[in-house]
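Step one of this worksheet: look at the structure below.
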Amino acid sequence: MKMYLWLFALCFIAFNASAQGPPIITDKPIMIGEKRIVFKTLTRVEVRENIRFFNAPIMAHYVIKPNLLVAAHIPFAGVNHFEHDHKQSGLGDLSVQMKYQFFRWDESSKTARAALKVQQYFPTGFDSNNYEISVGEWQTFAGFTFGYEALRYGLGANVGYHYVANRADFFHYKLSAGLPLMPLVYPPKQINLYFEYDGEINLESGAHNLFLAQGIQYAIKRITFETAIKIPLIQNEPEREKQKYTLLFGTRFII
Amino acid sequence: MKTIKIITTIILVSLVTTSLFAQKKKTEKKGSKDEITVQVDGLGCPFCAYGLEKKMKELDGVKAFKIEMESGLTTFTYPTERKISIEDVRHQVTKAGYTPMSLSIKRADGSIEESKYETHEVDYTANQTIEFEVAGNCNMCKGRIERAAMGLYGVANANWNKRKKIIKVEYLDTEVSEKQIHQVISGAGYDTDKMIAFEDVYNSLPGCCQYKRMNADLITPFEEKNSVDNVD
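For the record, the sequence lines run as chains A and B. According to the working numbering, the residues represented by the first sequence are 27 to 281, in order. According to the working numbering, the residues represented by the second sequence are 7 to 238, in order.
As structure tokens, this is what we get:
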């Protein structure tokens, strides 16, 4: 019960919050608010045949300069093996992130940007046997994030290499498309739909997994809520390792 | 009786003077703000715009902040006595991570300071100056028109007057021709008195920039050189 209350609080804490509108699971190269901290949460609940995982991070992103961002992610993670009646939860793998925007093209009501992203994970968590939740190993992600935003739609892409110590490494890719459902006004008051593809290739076994995330984001004045469901399109994993679906929900605000 | 009259007169004069003084003070208070207008490129979504607002409000005193999403036109007021400059505004927009285009500050005394889009530094000196009519509406049009002209190598200066709809261009005629200048401006979507912009380019302009088109029948196009004429 406490765990679910903690999850609920993390997801819907919104004080002095402000609206954000990037994709839900795809990272963005647009950094706003120099010398400001952006707090985000994005809780994921991954459901498999006999296992349920969750990861609820508190993320703090600080924009040092308009083209340079550093971030810290502090996750609370957990796993529930129904088959073995085994539960475990606690601090997950802490990580720090740096993003450097090396390309920017601005036009009237549109922009295209690209950033280099590096994220370093520390072995502070327990081993859930799921690197996206917590594995207690050193991990490094290095890649690029691209984004194009115009008033009528937004496109995003992430590609990168994910190194996991003592485990298989992965190649990641994500593609996203965002569609505002209401006319864009300022101050923000809108609903956005997101269609996102999330893919990974296990570089050891060659297994390719591809998921589709359908999300919706609601922003009014200073508060943003978002939720998505991720379902498998391609899964080349043993049956007991296959994901049924993943639920995501979170919020964002600037201080 | 005489005393009463004197007292009454003093009271009436005081009331009138106080009333006039209050009105003057009200006028002064109302007119003591500068109005800043800046056209910002890169605002692809309202959330991006929020980052801009937060950054601009670091300038203590910013009020009545508004953004038109479709055009990127950003307006706000600022206390006159704090003497905000064009450079202050440009710097703050840049720090927010966006590109400031044309800026203007209307001071409380009615004077206007404007800045145009900065382009490449020129290493040549203009030897020709032309003025011609260019259709357009707003400060964003001004930014686009001037940027189009200044993007040509050979153009040293370009200034479009929003009220008169006239552009003044200084250029080096050994590097660029008058026709090329008209071409780039019409290519940006703006009719000139010698060239009409293509319909699809005009339609791609933001709504606020879609000016009243020039009458194509009334323009005087450049004469096309016939290659036959040049044959010996």
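Yeah, the Cβ is synthetic: ideal placement off N, Cα and C, and Gly gets one too.
Name the chain A residues that come within less than 7 Å of residue 48/B, Cβ to Cβ?
-> 132, 137
query = Does DSSP put residue 31/B in a helix, a strand or coil?
reply = Bear in mind that the predicted position of residue 31/B carries a pLDDT of just 46, short of 50, making it too unreliable to give a figure here.
> Who are the neighbours of residue 49/A on chain B, taking C-beta pairs under 9 Å?
Replying inline: Simply none; closest approach about 11 Å.
| task | Check whether the Cβ of residue 208/A lies closer than 8 Å to any Cβ atom in chain B. | result | no
- Message: In whole angstroms, give me the CA-to-CA distance for residue 70/B and residue 92/A.
- Response: 25 Å
Give me whichever residues DSSP pairs with residue 83/A in a beta bridge. 101/A
Contacts around residue 76/A, its chain only, beta-carbon distance under 8 Å, and the 5 residues preceding and following it disregarded:
107, 108, 109, 266
TODO: Could you confirm whether any beta carbon from chain B is found closer than 8 Å to the beta carbon of residue 212/A?
DONE: yes
Item to complete: Report all residues from its chain with a CB closer than 6 Å to the CB of residue 138/A; omit the five preceding and five following residues, and keep chain order.
Response: 131, 174
query: With DSSP run on the structure shown, which of helix, strand or coil describes residue 78/A?
result: strand
Should the stretch 67–84 of chain B be regarded as contacting the stretch 135–152 of chain B, the criterion being three or more beta carbon pairs within less than 8 Å?
-> yes
query = With distances taken from CA atoms, which of 148/A, 111/A, 213/A is nearest residue 247/A?
reply = 213/A
| field | Where residue 182/A sits in the DSSP three-state scheme | value | strand
**Message:** Along the chain, where does the beta strand (DSSP E) containing residue 234/A start, and where does it finish?
**Reply:** 234–246
- Query: Can you name, in chain order, every residue of its own chain whose Cβ lies under 8 Å from the Cβ of residue 237/A, other than the five neighbours on each side?
  - Reply: 223, 224, 225, 256, 257, 258, 259, 269, 272
Taking Cβ positions only, does residue 253/A come closer than 8 Å to chain B? no
From the beta carbon of residue 177/A, is the nearest beta carbon of chain B less than 8 Å away? yes
- [ ] Tell me, please, whether the CB atom of residue 42/B is closer than 8 Å to any CB atom in chain A?
- [x] no
Which of the residues in the stretch 49–80 of chain B, read from start to end, lie with their CB under 7 Å from any CB of chain A? 49, 50, 51, 52, 53, 54, 55, 56, 57, 60, 61, 73, 75, 76, 77, 78
Segment contact, 8 Å Cβ cut-off, at least three pairs: the stretch 129–136 of chain B with the stretch 81–99 of chain B: no
| Spatially closest choice to residue 191/B from 158/B, 221/B, 206/B, 209/B, by CA coordinates | 158/B
- Query: With burial defined as no fewer than 16 other Cβ atoms inside 10 Å of the residue's Cβ, what is the status of residue 7/B: buried or exposed?
  - Reply: exposed
Supposed close pair residue 181/A, residue 202/A - CB separation, criterion 8 Å: 7 Å
Taking all protein chains shown into account, do 16 or more other C-beta atoms lie within 10 angstroms of the C-beta of residue 204/B, making it buried, or fewer, making it exposed? exposed
Using a Cβ cut-off of 8 Å (strictly closer), state whether residue 101/B contacts chain A.
yes
Cβ of residue 90/B within 8 Å of Cβ of residue 65/B?
yes
| With 16 other Cβ atoms within 10 Å as the buried cut-off, status of residue 14/B | exposed
Practice item. Return no unless some Cβ of chain A is closer than 8 Å to the Cβ of residue 227/B. Key: no
>> Can you give me the C-alpha to C-alpha distance between residue 69/A and residue 276/A, rounded to a whole angstrom?
In response: 6 Å
I need the boundaries of the alpha helix (DSSP H) containing residue 145/B, first residue and last residue.
145–156
Exercise. What does residue 180/A reach in chain B if we use C-beta pairs closer than 8 Å?
Worked result: 50, 51
Taking Cβ-Cβ distances shorter than 9 Å, what residues in chain B pair up with residue 269/A?
Per Cβ cutoff of 9 Å: no residues; residue 269/A is ~30 Å from chain B at best.
message: When you compare the stretch 157–176 of chain A with the stretch 185–202 of chain A, are there three or more beta-carbon pairs, one atom per stretch, that lie closer than 8 Å?
response: yes
Okay, do the stretch 83–100 of chain A and the stretch 120–129 of chain A touch, 3+ Cβ pairs below 8 Å being the bar? yes
Figure out for me which residue from 112/A, 60/A, 252/A, 129/A has the closest Cα to the Cα of residue 217/A.
252/A
message: Between 85/A, 52/A, 57/A, 264/A, which has its C-alpha nearest residue 67/A's C-alpha?
response: 85/A
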